[in-house]
Amino acid sequence: GAGVSQSPSNKVTEKGKDVELRCDPISGHTALYWYRQSLGQGLEFLIYFQGNSAPDKSGLPSDRFSAERTGGSVSTLTIQRTQQEDSAVYLCASSTRVSGSGWGKNIQYFGAGTRLSVL
Amino acid sequence: GENVEQHPSTLSVQEGDSAVIKCTYSDSASNYFPWYKQELGKGPQLIIDIRSNVGEKKDQRIAVTLNKTAKHFSLHITETQPEDSAVYFCAASETSYDKVIFGPGTSLSVIP
Chain A
138 GAGVSQSPSN
148 KVTEKGKDVE
158 LRCDPISGHT
168 ALYWYRQSLG
178 QGLEFLIYFQ
188 GNSAPDKSGL
198 PSDRFSAERT
208 GGSVSTLTIQ
218 RTQQEDSAVY
228 LCASSTRVSG
238 SGWGKNIQYF
248 GAGTRLSVL
Chain B
175 GENVEQHPST
185 LSVQEGDSAV
195 IKCTYSDSAS
205 NYFPWYKQEL
215 GKGPQLIIDI
225 RSNVGEKKDQ
235 RIAVTLNKTA
245 KHFSLHITET
255 QPEDSAVYFC
265 AASETSYDKV
275 IFGPGTSLSV
285 IP
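The listed protein sequences derive, respectively, from chains A and B.
Be aware that the first sequence starts at 138, since it is given in my numbering, and climbs by one per residue.
Be aware that the second sequence starts at 175, since it is given in my numbering, and climbs by one per residue.
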């Protein structure tokens, strides 16, 4: 399909283990975002990649969290030494600029998320 | 930085009634305001957006209004249907393609 793809859809891990979550954005989208959504909560911004610019990492909650985006496409979010409070749905979105009449906007297209459970 | 607040956090309406969700933002530089709908088990999806040079925009049963002076904007859903039940997020950003800041969400339940 042409949408944002995230894998795995579900991940169960033991406390202290490392996990990697993958995001395949829509082809051609220059921006990629990671969010965390705890049960019944809003969207917590984690990190933002825009083209070749340095990523905005201001939302990463601790140094156990890191993300990379290879070749301007696929992104991996890594959580080291997982804790139970890391349990949440991790959402990825990609976007591209839509221009018109001197205005631009970012329409974000979200994947279905990865549900992470840390036991 | 930008801060977006959203009210109410939960909303129940009878089918056919209207629903209104209100948001406020803090950064006067923000000039693009999208609304996203998240159905159970899915990622959020854009349903409507508004730019700061427009006071109101309508798309069938949904409409958004923006008061830039007061820094608040609202989503109005008329003739609600059960399939409108979802979590709705408002958001704000600058058109310089900065990251979008989301509100905390409103869980809307439409009772048949």
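The beta carbon of each residue, even a glycine, is placed where N, CA and C say it ideally should be.
*To the nearest angstrom, report how far apart residue 244 (chain B) and residue 156 (chain A) are at their CA atoms.*
44 Å
*Would you tell me roughly how many angstroms separate the C-alpha atoms of residue 184 (chain A) and residue 192 (chain A), rounded to the nearest one?*
7 Å
*Flag this pair as touching only if the region 178-186 of chain B and the region 195-206 of chain B have three or more C-beta atom pairs under 8 Å; answer yes or no.*
yes
*DSSP state of residue 223 (chain A), grouped into three classes?*
helix
*asked:* Less than 9 Å between the beta carbons of residue 248 (chain B) and residue 284 (chain B), yes or no?
replied: no
*Could you work out which residues of chain B lie near residue 170 (chain A), taking near to mean beta carbons separated by less than 9 Å?*
273, 274
*So what's residue 182 (chain B) in DSSP terms, helix, strand or just coil?*
coil
*Any idea which residues DSSP pairs residue 246 (chain B) with across the strands?*
B:198, B:241
*Do residue 79 (chain A) and residue 230 (chain A) have their C-beta atoms within less than 9 Å of each other?*
In the structure as shown, chain A begins at 138 and stops at 256. Residue 79 (chain A) is therefore absent and cannot be evaluated.
_Taking only three categories from DSSP, how would you classify residue 256 (chain B)?_
helix
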